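Residue numbers (the numbering used here), protein chains in the order written: chain A, 1 to 426; chain B, 1001 to 1349. Reviewing the structure listed below.
Below, the structure written as structure tokens:
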């Protein structure tokens, strides 16, 4: 590459050749290559990505701290691992994912309204002021996780956002019950689904998946009873890139339903057949959402829209930057979650899954929130250890080491591992 | 736009990074960095076993095949060659990546308008190759080509399916069959497991460093660069606009409005500048036909001069007879940063 910068950097180095020995040696002594004109790779494969987070530079969007950029337009930004040390993910560090490129950079609350329309007795609309004053505020602690979180682990790899584990976060969401809003509109008989739409748009032809983003839930789905239209997360207004002024919160379900900048709630008399329900966000019709490339090729797989999130546990500390001295007591920590019943047990292995011991569960913030866990561990001798963690939820589901595979890269919940190098304590 | 500024910073930063080791050289009499560096370097060379096993353990963090027996060997070999000094002073290295722009906080007003600044775009260059410009112009209409360069290497058949998914499901109807085939051929030639390997020098892994290095080049791969003073409007149009609005400005009925004979764009020169800068959404009528699509913003991809050039080209082509648009007008409109809703309301009737 012959960009001016590269040249000036090179000549700067050349100027230094007298003192260059120092610099050259200092480069060798650093574990990371530091003076280089080649940026870190932003893709991995064809094997699985092995790091906890996805690849990409750290870049800050308005109202956010620097996050890992997977794609710049539409924005796909992943939360770095260290932010998961807490059961509540900081609002400014919460991941960002838009399906379409054009979303509002400005909202005028004097004209913005949330409309309830379609098969209702009264088409009604509410300003944010009304949502704040005319409804009982409720708060739910819940994990929002991208359906494709951890897609980069799939084998064979699948196209899409190549997330590590950071396309998730847990927040205290405060807002209005969806049921309270539906009551105001009056759901008419014959309604089968409720459709949600925000203000995102794309450059695709009208009517295509690339033009508008719409998601629907069945009216008889019990999840509707716990849905809220949230105007606050962690006691703060939503950042614009996370859906200001309100987004739908669907505790236990994947983020695809958590419509940002929710502006239309529409009662449908027929099942939604728009692209985002009928073609995208489909999983094999089994609990784990898994199948094989061959079965897909043979067209023997039955698909259904994704819904609840399977149980998962994550190791947050230690990470691969740690070199642990033998004999030093450490705490292995992390978070666990499930959209299918509270986390009931977390177990840790320090021998790559051969034996398991119960971890200590931290504070219970509710069924749909992160459940922190910790595990005391003192590696006695130097060596390389592979830690593993698995969680069990109230439905009885236990994570396994068996990989998930489906054509869209959804529902990954294979047990997490972390190799830790333990050195001599001298 | 931020890059020229950054570049100005980087040079002094680089100088600083260079100066620091020199300073530490001069001020650490106990352990001169040169000496300690040498020690470390030779220690690393001597204990090849340590270095390689440690790095394989670290690098392959998730391969998780390290057995306790390997572990013991590592432990033994690590114990033997003790470094000569107790500690080595931190070394400072010139580093371009890792520069992070913090998001600037906006000066908010107390009215009902909630506005954020621009969303940063740092689209890495695609791998050079035949028809790469077809890929850039078509794919960039809906998404940055980072969606290509961040993908794992995929088989040609998968790329084929992806391109047709865009055409048929995502409404990228502006991709002609001919261009679709070119895009698939390009992706199959450069982004497959056989051709695209992490670490390849041609692997297109250049991230933020590349746009930073080219001060007059738009950050987005989809925009065709032009000289800062003599931008070629026709060229910019062909590269960035024609995939939707057509080579002859005829548009696509029902999807993308025509520019030929479009009265709104030949009137007030501020309007076309606003639309190019910030995009347009909402319902408009052109020559009796209604359009409600969305036009992306080009402020981040095209300079004032380039926007002026392409606007002038559009206003004076295909029978249009509008006056030239100056870069100063574009500059003023860029500074005004009008919201899309205002631009729509100011649309000449």
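From the three backbone atoms N, C-alpha and C, an ideal C-beta is built for every residue, glycine too. Just so we're clear, the structure is a prediction, and the values are computed from it rather than from any experiment.
Check                                                                                                                   : Outcome
Straight-line gap, residue 270/A to residue 1267/B (C-alpha atoms, nearest Å)                                           : 46 angstroms
Within-7 angstroms CB hit, residue 1153/B to chain A                                                                    : yes
Contact the region 87–100 of chain A vs the region 63–70 of chain A: 3+ CB pairs below 8 angstroms                      : yes
Simplified DSSP assignment, three categories, for residue 122/A                                                         : coil
Interface residues of chain A facing residue 1122/B [CB-CB closer than 8 angstroms]                                     : 57, 59, 69 and 72
Simplified DSSP assignment, three categories, for residue 1274/B                                                        : helix
Whether residue 228/A touches residue 177/A by CB criterion (7 angstroms)                                               : yes
Residue 1108/B burial status per 10 Å Cβ neighbour count (16 or more: buried)                                           : exposed
Beta-carbon neighbours of residue 133/A, restricted to chain B and to distances below 8 angstroms                       : Near residue 133/A there are no residues of chain B at all, since even the closest Cβ is about 15 angstroms away, more than 8 angstroms.
Closer than 7 angstroms to chain B by CB, residue 77/A                                                                  : no
For residue 1220/B, three-class secondary structure by DSSP                                                             : Low confidence applies to residue 1220/B: its pLDDT is 34, below 50, so where it sits in the model is not reliable, and the reading given next is rough at best. DSSP places residue 1220/B in coil when its eight states are reduced to three.
Residues bridged to residue 388/A (per DSSP)                                                                            : 349/A and 417/A
Chain B contact for residue 185/A (CB, 7 angstroms cutoff)                                                              : no
Check whether residue 1183/B and residue 1163/B have beta carbons under 7 angstroms apart                               : yes
Minimum Cβ-Cβ distance from residue 1162/B to chain A less than 7 angstroms                                             : yes
Listed by chain order, chain A residues near residue 1169/B by CB distance under 7 angstroms                            : 208, 209, 275 and 279
Cβ-Cβ distance between residue 432/A and residue 183/A below 7 angstroms                                                : No answer is possible for residue 432/A: it lies beyond the span of chain A, which begins at 1 and ends at 426.
Per-residue contacts from residue 1115/B into chain A (C-beta, under 7 angstroms)                                       : 105 and 106
Chain A within 7 angstroms of residue 1031/B, Cβ atoms only                                                             : Confidence at residue 1031/B is low in this model, with a pLDDT of 39, below 50, so its placement is unreliable and no value can be given for it.
Residue from 1105/B, 1166/B and 1156/B whose Cα sits closest to the Cα of residue 1196/B                                : 1156/B
Sheet register partners of residue 170/A (DSSP bridge)                                                                  : 143/A
Extent of the continuous beta strand (DSSP E) to which residue 309/A belongs                                            : Looking at the DSSP string, residue 309/A is not in any beta strand (DSSP E), and its letter there is neither H nor E.
3-residue-minimum beta strand (DSSP E) runs that sit fully inside the region 43–115 of chain A, ordered along the chain : 67–71, 76–78 and 106–108
Top-ranked residue by Cα proximity to residue 429/A, from 226/A, 101/A and 57/A                                         : Because chain A in this structure spans residues 1 to 426, residue 429/A falls outside the shown range and cannot be described.
Separation of residue 1252/B from residue 1245/B, as counted between CA atoms                                           : 7 angstroms
Residue 418/A to residue 1180/B span [Cα, whole Å]                                                                      : 42 angstroms
Cβ neighbours of residue 78/A in the same chain (closer than 7 angstroms, five flanking residues each side left out)    : 53, 54, 67, 68, 70, 95, 163, 164, 166 and 167
Residue 1306/B Cβ short of 6 angstroms to the ligand GTP heavy atom set                                                 : The ligand GTP is not part of the structure shown, which contains no ligands of any sort.
Residue 1241/B at chain A interface by Cβ criterion, 7 angstroms                                                        : no
Contact set between residue 428/A and chain B, taken where Cβ atoms lie within less than 8 angstroms                    : Given that chain A is displayed from residue 1 to residue 426, the structure contains no residue 428/A and the question cannot be resolved.
Closer than 7 angstroms to chain A by CB, residue 1143/B                                                                : yes
Beta bridge counterpart(s) of residue 212/A as assigned by DSSP                                                         : 201/A
Of the listed residues 406/A, 306/A and 110/A, nearest to residue 277/A (C-alpha basis)                                 : 306/A
For residue 333/A, the residue or residues it bridges with in DSSP                                                      : 317/A and 374/A
Within chain A, the residues that residue 1279/B reaches when beta carbons sit closer than 8 angstroms                  : 102
Proximity test, Cβ basis, 7 angstroms: residue 1261/B and chain A                                                       : no
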